[in-house]
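Numbering (full-length UniProt numbering), first residue to last: 1 to 329.
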């Protein structure tokens, strides 16, 4: 079984600890980055999980931080869940390529922090995603098999791919719309994978709520491209390093898909015939401005990812939406 760890601040120090229910067993040593922790720190975490000793702290008495640290590569998959493709008018059966885009690592923030809504953004959306933390360098093409996933992926983390849909839709800029500061809550916990966890990765429950109302409720089994295929393809394209983050897409239930008709893909196909791309984009933006599901100041977003047997539980991410200039210190 793997190990749950947390990165936290106590006083003026930033430390790492093994999660034991509502307490943290403090890991000796200080590791400024996730990449630095993944060697000696992760090995120490496994020893402490097997035989706890030393200083412990209550989780409620510390400030939980993002276990993923900047700078790092943040690579995301687009439209990688069948249900999400359908709600945005795409046909999962027709998808024949893995869609990638980047997100700035300066968008990383604590899984218990604020999501700061920029003044210019009107359509603020959420996307629960399973994050894969890279554990070893990928500096050339390689074939990743599911049975060996733990050799390449150090751990799993909850991520929220917060998105400014008005910028994404009207300007066509994915990177810009998803990279504002605080637009990537990560954590609260990092789960360090073991070999026996490889099969569990494709059977994890994802749940996200806004103000205690369920918005997203799905399972990683719905992915179009599973992690081993994604990492194999990425290794042909770019270098990845320990501590880098790969976000694996989101299921249905995003605000942009609120009340989407069941035949959305056919409606979209028809409109692309009778309207220009510019006209279609303008129509979509106009319709979305009346969508009540987008995040507003004061909303609380909660997200969990766990295995059915509870052996993997990435904690509960809780983020409050605040207006720019009103974020907590």
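Ideal Cβ placement from N, Cα and C applies to all residues, glycine included.
Given a length threshold of 4 residues, each whole run of the alpha helix (DSSP H) inside the UniProt domain "Rv2993c-like N-terminal" (4-67) is given here in chain order: 42-50. Contact check for residue 67 against residue 186 passes: the beta carbons are separated by less than 8 Å. Between residue 210 and residue 301, the gap from beta carbon to beta carbon is short of 8 Å.
Less than 8 Å separates the beta-carbon of residue 289 from that of residue 122. Judged by DSSP in its simplified three-state form, residue 77 adopts strand.
Burial is judged here by how many other beta carbons sit within 10 angstroms of a residue's own beta carbon; residue 52 has fewer than 16 and is exposed. DSSP places residue 255 in the helix class (H, G or I) of the three-state scheme.
Non-local beta-carbon contacts of residue 85 in its own chain, meaning distances under 6 Å to residues more than five positions away in sequence, involve 79, 92 in chain order. When the beta-carbon positions are compared, residue 249 and residue 77 come within less than 8 Å of each other. Per the C-alpha coordinates, the member of 138, 304, 254 positioned closest to residue 245 is 138.
Contact between residue 22 and residue 322 does not hold, since the beta-carbon distance rounds to 27 Å and is not under 8 Å. Judged by beta-carbon spacing, residue 153 lies within the 8 Å limit of residue 135, meaning their Cβ atoms are closer than that value.
Distance from the CA atom of residue 44 to the CA atom of residue 27, rounded to whole angstroms, is 7 Å. Here residue 138 carries a strand assignment [DSSP, helix/strand/coil]. With a minimum length of 3 residues, the unbroken runs of beta strand (DSSP E) contained wholly in the segment 144-215 fall at 153-160, 184-186, 190-192, 205-210.
Going by C-alpha positions, residue 169 is about 27 Å away from residue 317.
Proximity of the segment 300-315 to the segment 196-209 meets the contact definition, three or more beta-carbon pairs being nearer than 8 Å.
If you ignore the 5 residues before and after residue 55, its C-beta comes within less than 7 Å of the C-beta of 26, all in its own chain and listed in chain order. A straight-line Cα-Cα distance of about 11 Å links residue 174 and residue 166. When the alpha-carbon of residue 37 is set against those of 297, 61, 192, the nearest one is in 192. Annotation: residue 313 is outside any alpha helix (DSSP H); the continuous beta strand (DSSP E) that includes it extends over 313-323.
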